[in-house]
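In this note's numbering, the protein residues as written are 1 to 280.
Step one of this worksheet: look at the structure below.
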Amino acid sequence: MLSYRHGYHAGNYADVLKHTMLLQVLQLLHKKNKPLVYVDTHAGAGGYSLNDEFAQKTGEYIEGVGKIWTNNNLPPALQQYVDDIKHFNDGKAELDLYPGSPAFVDMNLREKDRMVLHELHSSDHLTLAEQFAGDRQIKVIKGDGLKGLMAAVPPIERRGVVLIDPSYEIKTDYIDVAKAVMKAHKRFATGVYMIWYPVVDRAQTEAMFELLKNSGIKKQLRIEQAIRADSNEFGMTAAGLWVINPPWQLDDIATQTLNYLDPILNKGDGHIRVDWEVGE
Ligand SMILES: C[S@@+](CC[C@H](N)C(=O)[O-])C[C@H]1O[C@@H](n2cnc3c(N)ncnc32)[C@H](O)[C@@H]1O
Numbered sequence: 001m002l003s004y005r006h007g008y009h010a011g012n013y014a015d016v017l018k019h020t021m022l023l024q025v026l027q028l029l030h031k032k033n034k035p036l037v038y039v040d041t042h043a044g045a046g047g048y049s050l051n052d053e054f055a056q057k058t059g060e061y062i063e064g065v066g067k068i069w070t071n072n073n074l075p076p077a078l079q080q081y082v083d084d085i086k087h088f089n090d091g092k093a094e095l096d097l098y099p100g101s102p103a104f105v106d107m108n109l110r111e112k113d114r115m116v117l118h119e120l121h122s123s124d125h126l127t128l129a130e131q132f133a134g135d136r137q138i139k140v141i142k143g144d145g146l147k148g149l150m151a152a153v154p155p156i157e158r159r160g161v162v163l164i165d166p167s168y169e170i171k172t173d174y175i176d177v178a179k180a181v182m183k184a185h186k187r188f189a190t191g192v193y194m195i196w197y198p199v200v201d202r203a204q205t206e207a208m209f210e211l212l213k214n215s216g217i218k219k220q221l222r223i224e225q226a227i228r229a230d231s232n233e234f235g236m237t238a239a240g241l242w243v244i245n246p247p248w249q250l251d252d253i254a255t256q257t258l259n260y261l262d263p264i265l266n267k268g269d270g271h272i273r274v275d276w277e278v279g280e
C-alpha cells in the first residue's frame with residue numbers, strides 16, 4: 001500500500017533543485033538536433049494545486065518555490081524554471097498550480113521527442129493519464145517504474161534522459177534503485193540518468209551511492225543541497241540529484257544555481273555540493 005502523495009511536497013526546496021536541473025539537462029541535450037526519449041520512472045500526478053488541502057497542510061512550497069517566485073535577477077536556470085511555472089499558470093501572477101516533472105518536460109518537448117511515464121498510485125496515475133490523454137508523443141504506464149525502465153531501454157533514439165524519483169517509502173528502495181540503474185546502464189550506457197535522493201539517514205543514502213561508485217560506471221556527478229546538517233531528528237535534511245552522464249556544463253550551472261539558493265533556503269547549518277564522484 002502506497003501512502004506517499006507528492007501533492008504534500010510539490011514545490012518544496014527539493015523540487016526546486018530537481019526540476020531546475022531537469023530543465024537544464026533537456027536544454028543542453030536539445031543543443032543537438034536529434035530526437036530523444038524522456039523516461040520518468042516515478043512520474044507522480046503531473047501537476048498539483050498549491051491551494052488544495054495537500055499543499056496547504058504542509059505548506060512546504062512556501063519554503064521552496066515560494067521563496068524565489070517573485071525574485072528579480074535570478075540566475076538563468078532558475079529564471080527558466082520560474083518562467084515555465086508561470087506558463088503552467090497561464091501567465092497569472094498568483095502561484096496556484098505547480099507542474100510535476102512530466103509537465104515540465106512536456107512544456108519543453110520537441111515534436112521529434114517522446115515521453116514514457118510510469119506511476120503506480122491509482123489516483124495519481126489517473127490524473128496523469130487524463131492530463132496527457134490523446135497525446136501520441138506520451139505513453140503513460142500504470143506499473144512499477146524500475147521494471148518499466150528495463151522495458152524502455154535501449155530506446156530507439158539512442159538518446160535519452162531517465163529521471164528516477166522514487167518516494168523511498170521502503171528501505172530497500174535505495175539499493176533497488178542502484179541495482180536497476182546498473183542494469184539499465186548495461187543496455188543503454190550513453191543515457192543520462194538522474195537519480196533524485198533525500199537525505200533522511202545519511203548512511204542509507206550513501207549505501208546506494210557506494211554501489212554505483214563501485215560499479216565501473218564513469219561520469220557520476222552529485223548535486224546536493226542540505227538545508228540543515230545531517231541529523232536523524234528533522235526528517236529530510238538534504239536532497240539532491242546523482243547524475244550519470246551529465247551533459248557538458250551541467251556542473252557549472254548547478255554550482256551557479258546552488259550558490260543562489262543556499263543563502264535563501266539554508267536553515268543555518270546546511271551545505272551545498274557539486275562533486276564529480278566518478279570522473280571520465
Ligand atoms: C517523488 S514522487 C514523483 C514526483 C515527480 N517525479 C515530480 O517530480 O513531479 C514519487 C511517485 O512515485 C510513485 N511510486 C511509488 N512507488 C512506485 C513504483 N514502484 N513505480 C512507479 N511509481 C511509484 C508514488 O505514487 C509517487 O507519485
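By construction, the Cβ of each residue, glycine as well, lies at the ideal position given by its N, Cα and C atoms.
When you compare the CB positions of residue i and residue j, do they come within less than 8 angstroms of one another, or not?
i           : j           : result
residue 262 : residue 229 : no
residue 238 : residue 177 : no
residue 74  : residue 11  : no
residue 44  : residue 6   : yes
residue 276 : residue 241 : no
residue 28  : residue 101 : no
residue 120 : residue 138 : no
residue 77  : residue 127 : no
residue 175 : residue 217 : no
residue 188 : residue 161 : no
residue 222 : residue 35  : no
residue 46  : residue 15  : no
residue 157 : residue 219 : no
Quick check: is any heavy atom of ligand 1 less than 7 angstroms from the C-beta of residue i?
i           : result
residue 18  : yes
residue 184 : no
residue 277 : no
residue 122 : no
residue 285 : Examination of residue 285 is not possible in this model, given that the chain is present from 1 through 280 alone.
residue 119 : yes
residue 163 : yes
residue 240 : no
residue 106 : no
residue 4   : yes
Considering only the alpha carbon of each residue, which of the options lies closest to residue i?
i           : options              : result
residue 181 : 149, 155 and 167     : 149
residue 254 : 264, 42, 225 and 279 : 225
residue 105 : 122, 95, 212 and 85  : 85
In terms of residue numbering, what span does the beta strand (DSSP E) encompassing residue i cover?
i           : result
residue 240 : 238-244
residue 226 : 220-226
Assuming the contact rule is C-beta atoms closer than 8 angstroms, residue i and residue j should be a hit. Round their C-beta distance to whole Å, please.
i           : j          : result
residue 285 : residue 80 : Beyond the ends of the chain as shown, which are 1 and 280, falls residue 285; an answer cannot be given.
residue 155 : residue 37 : 4 angstroms
List the endpoints of the continuous alpha helix (DSSP H) containing residue i.
i           : result
residue 120 : Unbroken run through residue 120: none, as it is neither H nor E.
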